[in-house]
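Okay, structure first, notes after.
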């Protein structure tokens, strides 16, 4: 269910501090997000902010009812019960959802999640929900929030600047961002000199405000 504007459909299960941060970030980015929690009070609290549903995702019937397989990705953010986390992850994988991100609360929990097939196991102590929200969206290869308004992200070269030098694309004048450096496949990292050509498969390290980066990616 990926969309023409580049957004993805993401199911977020569990609206604790971590899950709600992931869901809110995805929603703010314009992704097609649905959050699910089995606590009616939590669902009521978030209903004005993000699309949310009350359901117990350890129940295979609930997975069927919301047609979980239609989503491009899912984030299992249940932290208060390892059993519920593992059963939910297993149910989603059984439903055919392959791009599964799951929060772990211990090394043993992480090992079980990996064993049943979770593609991305997140240590929530180290990975902030906002960062994971950006990574789940698929627009970023990596994302680091710096003090204040700025972020540093790693992305593939957007089509609209592919084949141009940094100077030709006027990345700073037009978008206000800085290309810190470029990593081409099979080549060493190069700093973002003005005459450096940005190729489609290159990974760009760019710095700027979130709104500027979004504008640059959108072209």
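Residue numbers (the working numbering): -4 to 214. Beta carbons: idealized from backbone N, C-alpha and C, even for Gly. These figures come from a predicted structure and were not determined experimentally.
When C-beta atoms of the stretch 69 to 77 are compared with those of the stretch 10 to 17, three or more pairs fall below 8 Å, so the two segments count as touching. Taking a cut-off of 8 Å for Cβ pairs, the stretch 150 to 164 and the stretch 190 to 204 touch, as three or more such pairs fall below it. Residue 31 has 8 and 48 as its beta-bridge partners, per DSSP. Within the DSSP bridge table, the entry for residue 186 names 176 as partners. For residue 201, the enclosing beta strand (DSSP E) starts and ends at 198 to 204. With a threshold of 16 other beta carbon atoms within 10 Å, residue 34 falls short and is exposed. The three-state secondary structure of residue 61, taken from DSSP, is coil. Distance from the CA of residue 50 to the CA of residue 181, rounded to the nearest whole angstrom, comes to 47 Å. For the pair residue 2 and residue 27, the CB atoms are nearer than the 9 Å cut-off.
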